[in-house]
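**Student:** The structure follows.
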Amino acid sequence: MQELSYEKARSRQSYKWKLYDPDVMPSHVADMDFDPPEAVLDVIRGFLDRGDLGYNFFRIPDVFQAFSDWQDRHHGWRPDTDRMRSFTSVLHAVEMSLMACTDPGDGVVLFTPSYHPFFDSITGGGRRCVEVQLEREGWRINAERLEAAIDSTTRAILFCQPHNPTGRIFDEDELAIVADVAQRHDLVVISDEIWGDFIHEGAHRPLTLSDDRFAGRLVTMSSASKSFNVAGLHCCVAHFDHAPTLDYLDGLPPRARGMSTPMSFAAALAAWTECQDWLDGVAAEITDRRNHLAARLASEAPQVRWDLPEATYLAWLDFSDTSIADDPAGHALERGRLGMDPGLVFGAQYGTFARMNLATTQEFLDDAIDRLLRTLG
Ligand SMILES: Cc1ncc(COP(=O)(O)O)c(C=O)c1O
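Here the sequence shown is numbered in the numbering used here, starting from 100 and rising by one per residue.
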């Protein structure tokens, strides 16, 4: 796997490397500082070398089959290709599914802290975001809080497993709480499982396998984008276990779901069929980075609290006991020249937090940690 040099990283035009001034070490946004797999790059080069940029819809069934095979191999789930549809991104699939299964004014449950675009995905369509805070200790789902948040206008739960930003893999007991509530209140569950391939401990639990009570009410989406560092290619596969949502989407004009490019489909196909070794290598590196951050924080900044993520390449850091608690990401940017995602965007209660990105080289991570320590003084 190819690690980035500073020079190559800074030549990138991506949001990660162009948002901040060149003297800032970026550790925001979930892109990786590794080159995508060579097999994926070769596929893209092939299109360019052939000047092959015309219409091409041939690969979509192959992508669905590859997604089904991948899920089966990795997570023991064999999704039905007939119930899959493609979208231009996971967020696109989330938003179209919400439009399909809820009406304006309906409530959609969101566990917080939450991946920040989900707030707009819900409210941008005129739905109400029903926030349910995870327990601060261990970031667990609390049954009473969930029950208390639901009323007769609640129609759906927008779920993220494994969870961004905490890195939790919700366990069987927690999923049973969600399944029970979903069944009793007849809620659709939209399950974003884009992080399912980055597991440090344990295993990814697709919601569909975890509890029978999810049957018939689930929409599950994932993508090669996060796992293989090709988010800019924009391609997602969603599986519709909830028939009315699928019927609604199929009833829309044929192009309303959008269309990924032929290169994006071909890249997803290559990723899911040829790039297992690459992913294994990257996942092991990321676990190393997680452990390295844990070791350095424990010895050099024990006042920064965090729960070791079980999954994802995100570090959700709590600065409550530090001198920068009022605005950790702001101070880190100003004093340390380190770019992190501010906790506030993940929920109004999380202003003392910031999110770092662990999918990086040892050198970049140490640079980021040094900057954080400088900020903390
Ligand atoms: C939970 C989650 N869902 C969706 C996305 C974005 O996926 P896409 O670019 O396919 O919309 C991300 C990106 O970080 C994410 O963390």
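The beta carbon of each residue, even a glycine, is placed where N, CA and C say it ideally should be. The structure displayed is predicted, hence computed values, not measured ones.
Which runs of the alpha helix (DSSP H) at least 4 residues long sit entirely within the segment 162-236? Give them in chain order.
**Tutor:** As far as the segment 162-236 is concerned, its whole alpha helix (DSSP H) runs of at least 4 residues are 189-200 and 216-222.
**Student:** Where DSSP assigns a beta bridge to residue 469, which residues make up the other side?
**Tutor:** Here residue 469 is taken as the residue at index 370 of the sequence shown, counted from 1. Note: residue 469 sits in no beta bridge, so no partner.
**Student:** Do residue 470 and residue 124 count as a contact pair if the criterion is CB distance below 8 Å?
**Tutor:** In the sequence shown, the residue the question calls residue 124 occupies position 25. In the sequence shown, the residue the question calls residue 470 occupies position 371. Yes, Cβ-Cβ distance for residue 124 and residue 470 is below 8 Å.
**Student:** For residue 319, which residues does DSSP report across the bridge?
**Tutor:** As a first step, residue 319 must be located in the sequence shown, where it is residue number 220. Note: residue 319 sits in a beta bridge opposite 290 and 338.
**Student:** Between the alpha carbons of residue 276 and residue 316, how many angstroms are there, rounded?
**Tutor:** Counted from its first residue, the sequence shown places residue 276 at position 177. Counted from its first residue, the sequence shown places residue 316 at position 217. Their backbone Cα atoms lie some 15 Å apart in a straight line.
**Student:** Sort 118, 121, 117 and 303 by Cα distance to residue 171 and report the nearest one.
**Tutor:** One-based indexing of the sequence shown puts residue 171 at position 72. Closest option to residue 171, Cα to Cα, is 303.
**Student:** Just list the residues that DSSP pairs residue 417 with in beta bridges.
**Tutor:** Looking up residue 417 in the sequence shown gives position 318. In the DSSP output, where bridge partners are listed per residue, residue 417 has 404 and 452.
**Student:** Using CA coordinates, which residue listed in 150, 197, 127 and 109 is at the minimum distance from residue 337?
**Tutor:** Indexing the sequence shown from 1 puts residue 337 at position 238. Here the closest residue by C-alpha is 197.
**Student:** Using a Cβ-based criterion (distance less than 7 Å to any ligand heavy atom), does residue 189 qualify as near ligand 1?
**Tutor:** Working through the sequence shown from its first residue, we reach residue 189 at position 90. Flag set: Cβ of residue 189 near ligand 1.
**Student:** Please confirm whether any heavy atom of ligand 1 lies closer than 7 Å to the CB of residue 477.
**Tutor:** As displayed, the chain neither begins before 100 nor continues past 476, which places residue 477 out of reach and without an answer.
**Student:** Can you tell me whether residue 411 is helix, strand or coil according to DSSP?
**Tutor:** Along the sequence shown, read from residue 1 onward, the residue named residue 411 stands at position 312. If DSSP states are grouped into helix, strand and coil, residue 411 belongs with coil.
**Student:** Enumerate in chain order the residues of its own chain whose CB-to-CB distance from residue 357 is below 8 Å, with the five nearest sequence positions on each side excluded.
**Tutor:** Counting from one through the sequence shown, the residue named residue 357 turns up at place 258. Cβ within range, chain order: 186, 187 and 191.
**Student:** Residue 486 to residue 420, Cα distance in whole Å?
**Tutor:** With the chain represented from 100 up to 476, any question about residue 486 goes unanswered, as that position is not in the structure.
**Student:** List the residues that DSSP assigns as beta-bridge partners of residue 440.
**Tutor:** Here residue 440 is taken as the residue at index 341 of the sequence shown, counted from 1. Answer is 454, bridged to residue 440.
**Student:** Taking the runs of the beta strand (DSSP E) that are 3 residues or longer, which of them lie wholly in the segment 235-273?
**Tutor:** 253-259, all fully within the segment 235-273.
**Student:** According to DSSP, is residue 298 part of a helix, a strand, or is it coil?
**Tutor:** For the purposes of this step, residue 298 is identified with residue 199 of the sequence shown, where counting begins at 1. Strand at residue 298.
**Student:** Below 8 Å on the Cβ atoms is my contact criterion, and I expect residue 189 with residue 369 to pass it. Report the Cβ-Cβ distance as a whole number of Å.
**Tutor:** For the purposes of this step, residue 189 is identified with residue 90 of the sequence shown, where counting begins at 1. For the purposes of this step, residue 369 is identified with residue 270 of the sequence shown, where counting begins at 1. Not a contact, Cβ separation roughly 19 Å.
**Student:** Got a sec: does ligand 1 put a non-hydrogen atom nearer than 7 Å to the Cβ of residue 214?
**Tutor:** Here residue 214 refers to the residue found at position 115 when the sequence shown is read from its first residue. It does: the Cβ of residue 214 is within 7 Å (strictly closer) of some heavy atom of ligand 1.
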